[in-house]
Every structure is written in structure tokens, then in C-alpha cells.
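Asker: Could you have a look at this structure, given as C-alpha cells, before my questions?
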Amino acid sequence: MSTLVSTLSTPTSSDHGGSAPARAGERLPSLRRPGVIRVLVVDDSALVRRILSEALSKQDDIEVVGTATDPYVARERIAQLKPDVITLDIEMPRMDGLSFLSKLMRHFPLPVVVCSSLTPQNSETALRALSLGAVEVIAKPGSSLAAGDVAEELVRAVRAASHARVTRRMEPIDPPSMQRPAIATFDATNKIIALGASTGGTQALEQVLRRFPVDAPGTVIVQHMPEHFTASFAKRLDSVCAMRVQEAKDGDHVVSGLALVAPGGKHLVLQASGARWVARVKDGPKVHHQRPAVDVLFQSVARSAGRNAVGAVLTGMGADGAKGLLAMREAGAYTVAQNEDTCVVYGMPREAVKLDAAMDVLPLGEIAEALLGAASGKKATG
398 MSTLVSTLST PTSSDHGGSA PARAGERLPS LRRPGVIRVL VVDDSALVRR
448 ILSEALSKQD DIEVVGTATD PYVARERIAQ LKPDVITLDI EMPRMDGLSF
498 LSKLMRHFPL PVVVCSSLTP QNSETALRAL SLGAVEVIAK PGSSLAAGDV
548 AEELVRAVRA ASHARVTRRM EPIDPPSMQR PAIATFDATN KIIALGASTG
598 GTQALEQVLR RFPVDAPGTV IVQHMPEHFT ASFAKRLDSV CAMRVQEAKD
648 GDHVVSGLAL VAPGGKHLVL QASGARWVAR VKDGPKVHHQ RPAVDVLFQS
698 VARSAGRNAV GAVLTGMGAD GAKGLLAMRE AGAYTVAQNE DTCVVYGMPR
748 EAVKLDAAMD VLPLGEIAEA LLGAASGKKA TG
């Protein structure tokens, strides 16, 4: 921790987050209670700090141990309060959230939930935060989401982050944009690949999709992510993958060489239309507190594609996707779960394994090859 503190040099005596004794209104370190997630809320808005703190404090398993107005105050609170999870604004005075996150993950890695307003510019910044090591991104209060939705997502994200496998990491180097080759290398055009992920999934999905060839089977994806953020995520994947990647629109054809990402706030369903596959983007109740939900997608893939599909559940908190993956397996599809050692959170894959939904449990680096092998008929799917 001393290394982190030294990397954030105190700017002037005006830094009110120094190590002086606690003043009126400041929290003293609380006793650690077993099974309770200790959270530090970092945001320059007093209103947002209050909203987030109140939403979290209503939960029996979460305790807000402190708040901070900017990274310089946060560094002292971290040393003093030793939180399990941090919620972090990415637009703050004196030091922006991305700079602080980068220093934190290099010197004193902690699970971080980023709170961001729902704008295209902020969604790009939020994706950068995920590449720097943040484990979740949620919509900030005051966005288009209702207060209850924000509170629900915040609590879910903090609980997921508390289980995350967080490691020290250096500044990521953005991979070069992929030059799409013109030569076709894959000969199975009637296959479907279905992928589902949550916490840690943005990086996991990128690793899988970067291994797919330009003409890989049509791919449908659910990544738990707020509305508006999925378009930026798809754009990011499109820039680094050989196959095309885009946010799904209702009626899109699912064809070789194209991956469709479910839009935040909508369910994605695969539908057969003659000899073609069609993506349907729909409203509907949340499933496992999620919309889009992996189970909704996988159940539709089981019904529509059956043995012509292959699928994988990747890193994430909860049980979403487990029953859907089982339905796919029972319909004749080849199914995979990511193994525990390579998951940020071994929740969704664990539930799939418990149901015997996964035919193989594989490290992240082997999943793309396994899926492509099964789709091409080169891998036994017995």
C-alpha cells in the first residue's frame, strides 16, 4: 500500500484526504465482520455518493466503510479502511478515474466496480477501465435507468466483484486492428456458436473471438452489460477480430463471418427461418436478474439449432446460462464451460458443471479451438 500512496503524490496542503486523525463526519475504521463485503465509494458528487451508499447499506452482507471525493482521498481511505471492493467514478477532478485505476491495479490490486453515465463517450472510457482491470461496469445514478434498476445492478456488481480473482497488471497495450483476410478457411456454414459471459467476460470474449477465422460460423453472444455500452463493446471487438462483430438488431441474419452481441437491456433470441438463422431482439422480464440473459439465448439456440450449435459459458457471477447450456447439450450441441483457474469469477461455469451441462471444462485459451473443432466435425461431440 505504501507503494500506491507514494505514486499518488499529495498535490498541496489543500488535499483534504491526508493521513491526519479523523475529523468530524469522517468514518473511523470499523471492525471486519465475517461474510460482510466492505465497500469504499469514490465519486466527486455528494449526491451520487449518498445514493450509492444508501443502496449498498440496505444489504445485510454489504457495509460501506467510507467514501472519497477523488483519488487522492481514496488512496488514504484504502490504506485506512482496507475495503474489499471499490466503486469508482471515472470523471473526477485532480486525477481521472482511469489514471487512478491504472496505478491501483499496478501497485495494490483490488476489485473495482466502475460507475459511468450512459453516453457513447463514457462507454468507450468504461471499456478502457475494464481493460485496465476493473471487474464490472454499471450505469451511474441519473442515467436513463430507474433508481431501483441502478440499485439492483450496483448490489449485484459489488457482490460479483467481491468474488473476483484480481491480479497485479501493467498498463495494457491496445492490440493492433485486425486486417481481415480474404481467404476462407472454414467450411461449415450451417453451424451456430453461442457464447455467454458476465463478470470478466469482456476480456474473455475478446480472447476467444480473436482466435476465430474470418469465416467462422455465425456467432451469437450475451455479455451482461448496461444499455448503450454493448454497442461500444461490439465496435471494440470488431476492430481486433478477423470476423465482423456488431451489436445485434432485430431481424439480423446470423451468417458465417459475423458475430452478434446482444444489446444491453434486450434479450437476444435465435430463430430458424427456412435455411437461415435470424436474430430476434426482444423485451421481456429479466432472467436471473439479467436482460440480456444467457439462458434466454441458449434455450433459443437449443430449440432452433439443436445439434448444429456449439456453445460455451465463460466467466461470470451467478447461474445464468447453466440451464440453457444443458438444454443445448440435450439437443445434441457440443458444450463447454471455462475452467476455474482462468475465470475472473467461477460462478456461471461452476453452475453449468454442477448440472453436467458442459461436455468439456477447458482453460480460456483452449475454448476457441474446441468450439471450432466441434463445429467443423473434427472434434467428437459424443
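Heads up: the sequence shown runs through residues 398 to 779, numbered per this note's numbering. Using N, Cα and C, we set each Cβ at its ideal position, and we do this for glycine too.
(1) Report buried or exposed for residue 440, applying the criterion of at least 16 other Cβ atoms within 10 angstroms of its Cβ.
(2) Sort 738, 748 and 773 by Cα distance to residue 761 and report the nearest one.
(3) With distances taken from CA atoms, which of 724, 446 and 631 is nearest residue 756?
(4) What do you reckon, are the CB atoms on residue 483 and residue 495 nearer than 7 Å?
(5) Relative to the alpha-carbon of residue 623, which residue among 667, 513, 506 and 770 has its alpha-carbon at the smallest distance?
(6) How many angstroms separate the CA atom of residue 786 from the CA atom of residue 444?
(7) Find the nearest neighbour of residue 526 within the set 502, 606 and 702, judged by alpha-carbon distance.
(8) Can you name the start and end residues of the beta strand (DSSP E) that residue 616 belongs to?
(9) Residues in its own chain within less than 8 Å of residue 549 by CB, not counting five upstream and five downstream?
(10) In three-state terms, what does DSSP make of residue 393?
(11) Roughly how many angstroms separate the alpha carbons of residue 454 and residue 679, rounded to a whole number?
(12) Spatial neighbours of residue 460 within its chain, please: CB distance less than 6 Å, with the 5 preceding and 5 following residues excluded, ordered by chain position.
(13) Please return the same chain residues whose Cβ sits closer than 7 Å to the Cβ of residue 633, not counting the five positions on each side in sequence.
(14) Can you check whether the CB of residue 521 is closer than 7 Å to the CB of residue 629?
(15) Tell me where the alpha helix (DSSP H) around residue 764 begins and ends.
(16) For the alpha helix (DSSP H) that contains residue 721, what are its first and last residues?
(17) Can you tell me whether DSSP reads residue 650 as helix, strand or coil?
(18) If we count the other Cβ atoms within 10 Å of its Cβ and call it buried at 16 or more, is residue 451 buried or exposed?
(19) Sorted by chain position, which residues of the same chain lie with C-beta nearer than 7 Å to residue 767's C-beta, five sequence neighbours on each side aside?
(20) What residues are listed by DSSP as bridge partners for residue 667?
(21) Based on DSSP bridge pairs, tell me the residues matched to residue 512.
(22) From residue 411 to residue 491, what distance separates their C-alpha atoms?
(23) When the Cα of residue 648 is compared with those of 673, 773 and 601, which residue comes out closest?
(24) With distances taken between CB atoms, is the gap from residue 696 to residue 721 smaller than 7 Å?
Answerer: Let me lay it out:
(1) Buried, because 16 or more other Cβ atoms sit within 10 Å of the Cβ of residue 440.
(2) It is 738 whose Cα lies nearest to the Cα of residue 761.
(3) Looking at the Cα atoms, 724 is the closest of the given residues.
(4) No, these two residues do not count as a Cβ contact at 7 Å.
(5) Out of 667, 513, 506 and 770, the CA that lies nearest to the CA of residue 623 is found in 513.
(6) This structure leaves residue 786 out entirely; the chain is present only between 398 and 779.
(7) Comparing Cα positions, the closest option is 502.
(8) Residue 616: member of the beta strand (DSSP E) spanning 615–620, first to last residue.
(9) When the five nearest sequence neighbours on each side are left out, the beta carbons in the same chain lying within less than 8 Å of the beta carbon of residue 549 are those of 686, in order along the chain.
(10) Residue 393 lies beyond the range of the chain shown here (398 to 779); nothing can be said about it.
(11) Going by the C-alpha atoms only, they are around 34 Å apart.
(12) Leaving aside the five residues that flank residue 460 on each side, the residues in its chain whose CB is nearer than 6 Å to its CB run, in chain order, 433 and 435.
(13) The beta carbon of residue 633 lies closer than 7 Å to those of 524 in the same chain, with the five residues before and after it left out.
(14) Going by C-beta atoms, residue 629 is nearer than 7 Å to residue 521.
(15) Residue 764 -> alpha helix (DSSP H) spans 761–773.
(16) Counted as a single uninterrupted DSSP element, the alpha helix (DSSP H) harbouring residue 721 occupies residues 719–727.
(17) Residue 650 falls in the strand class under three-state DSSP.
(18) Burial is judged here by how many other beta carbons sit within 10 angstroms of a residue's own beta carbon; residue 451 has fewer than 16 and is exposed.
(19) Same-chain partners within the cutoff: 733, 757, 759 and 776.
(20) BP columns for residue 667 point to 676.
(21) Listed as beta-bridge partners of residue 512 by DSSP are 486 and 535.
(22) Bear in mind that a pLDDT of 36 at residue 411, under 50, signals an unreliable position, so the model cannot answer this.
(23) Looking only at 673, 773 and 601, the smallest Cα-Cα distance to residue 648 is reached by 673.
(24) For the pair residue 696 and residue 721, the CB atoms are nearer than the 7 Å cut-off.
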